[in-house]
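Just so we're aligned: 151 in UniProt numbering is position 151 of the sequence shown, and the numbers increase by one with no gaps anywhere.
Even for Gly, the Cβ is constructed at its ideal location relative to N, Cα and C.
Worksheet: one structure, shown below.
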Amino acid sequence: MKAVLMTAPGNPEVLQLQDVANPSVSVGETELVVRLRAAGVNPIDTKLRKRGTFYPDQMPAILGCDGAGIVEAVGTGVKKFRVGDEVYFCNGGLGAHQGNYAEYTTVDERFAAHKPTSVSFAEAAAAPLVLITAWEALYERGRLEPGEKVLIHAGAGGVGHVAIQLAKLKGANVCTTVSSQEKADFVKQLGADYPILYKQTDFAQAALDWTGGEGVDLAFDTVGGETFHKTFPAVRIYGDIVTILEPDANTVWKIARNRNLRIGLELMLTPMLQGILEAQQHHADILAECAKYIDAGKLKIHVSQELPLAEAAKAHQLIESGSTTGKIVLVI
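Take a look at the structure:
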């Protein structure tokens, strides 16, 4: 099969399309062989390409956590899927289990969900990592309740644009930071109540003004760095802030402490990295629920660009430019 191999850490050019052996058809009892039709590209892919995977002794590696495709073969113990079923999932791509920049892969049936029927394979492949991240951050770490006010950073980005929609589905009011009027218009279409043009406006003050000086109930940081601690004053006393980035060593915690903020850390890769089967199954359950929302027209995944598998390096370059809206997908 064709696959994009990362032979060593480095620039996007280390990603090369090569011929490799197909995954074995004699799969384990609960495994599926999937003929991939698309693979989502995420910032974690670019980070692993630059610095090396979590398993540097297992090279070369095939990156790509997100995949969507058609079940080609099933193990003897598979109960949930049949050959020909369309599936989507977040599995592999961290350096141990094969990722999805390839024509075929294997995935345990417990970690996959039926693909939403109303969208393309490209849209489905763009969805898993960002859906799970936003779902866990808002609903589980942030304990979002109907009627609450939420600040979502980078609302036009991959995680941000689905976070807006999930927050609205919960009945929350949403303000979100964006870099341009074009992106402000985009997030309004997703349901955002108040886009904040952060290059022109102090976003913390804007959020305070929006909430009558009280602060939002929950802030969701998808940017990291100084944005994290600059968000503290925008959150109400005893409120929540959840970040998907590791807090910087220079983070000033005083305002967070004085406001008694509850800090949540969200890394949806933990179950894969730690081998926590129950949590990986929970991720598949989240995807199954989101598929219902997608097919009901209540949740949309925005794919800004589709590229052929051979142009994985270009996809990484686009993500690293920092100006993309929604998601980039490799079509296989």
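Practice prompt. Let me know the secondary structure DSSP gives Leu166 once reduced to three states.
Written response: helix
Item to complete: Determine the extent of the alpha helix (DSSP H) in which Ile263 is found, giving its start and end residues.
Response: Unbroken run through Ile263 is the beta strand (DSSP E), 262–265; no alpha helix (DSSP H).
Item to complete: Less than 8 Å between the CB atoms is what I'm expecting for Ala312 and Tyr101, so what's the real figure, rounded?
Response: 6 Å
Discussion item. By the DSSP assignment, the alpha helix (DSSP H) with Gln280 in it spans what residues?
Written reply: 277–295
Item to complete: With a cut-off of 8 Å on the beta carbons, I'd call Gln305 and Ile328 a contact; round off their distance for me.
Response: 5 Å
Item to complete: Mind checking who His114 pairs with in its DSSP beta bridge?
Response: Val87
Worksheet item: Hey, how far is the Cα of His161 from the Cα of Leu287?
Response: 16 Å
Worksheet entry | Assigned exposure category for residue 335 - 16 Cβ within 10 Å defines buried | The requested residue 335 is not part of the displayed model; the chain covers only 1 to 332.
Item to complete: Locate the beta strand (DSSP E) running through Glu306, then write down its first and last residues.
Response: 303–308
Worksheet item: Nearest-angstrom Cα distance between Thr106 and Phe232?
Response: 43 Å
Worksheet item: Where do the ends of the beta strand (DSSP E) carrying Thr243 lie?
Response: 235–243
Fill in: Classification of Lys292 by the beta-carbon crowding that lies within 10 angstroms, buried from 16 upward
exposed
Worksheet entry | Pair within 8 Å by beta-carbon distance, Val87 and Val74 | no
Discussion item. Just list the residues that DSSP pairs Glu31 with in beta bridges.
Written reply: Asp108
Worksheet item: For Gly264, which of Asp240, Asp45, Leu129 has the nearest alpha-carbon?
Response: Asp240
Practice prompt. Report yes or no: do three or more beta-carbon pairs, one from the segment 139–150 and one from the segment 111–127, lie closer than 8 Å?
Written response: no
Item to complete: Could you pull out every residue in the same chain whose Cβ sits closer than 6 Å to the Cβ of Val159, ignoring the five residues on either side in sequence?
Response: Val130, Thr133, Ala134, Thr222
Worksheet item: Unbroken beta strand (DSSP E) runs of length 3 or more, entirely within the segment 125–179: which are they?
Response: 149–152, 173–178
Worksheet item: Candidates Asn258, Thr243, Ala249, Ile244: which alpha carbon is nearest Ile237's?
Response: Asn258
Worksheet item: Count the other CB atoms within 10 Å of the CB of residue 334; is the residue buried (16 or more) or exposed (fewer)?
Response: Look at the range of the chain in this structure, 1 to 332, and you will see that residue 334 is not part of it.
Item to complete: Find out if the Cβ-Cβ distance for the pair Pro195, Ala204 is shorter than 8 Å.
Response: no
Worksheet item: Anyone know if the C-beta pair for Gly92 and Gly99 falls short of 8 Å?
Response: yes
Worksheet entry | Backbone CA spacing between Glu103 and Gly213 [nearest angstrom] | 53 Å
Item to complete: Return the CA-CA distance between Ile152 and Ala126, expressed in angstroms with no decimal places.
Response: 20 Å
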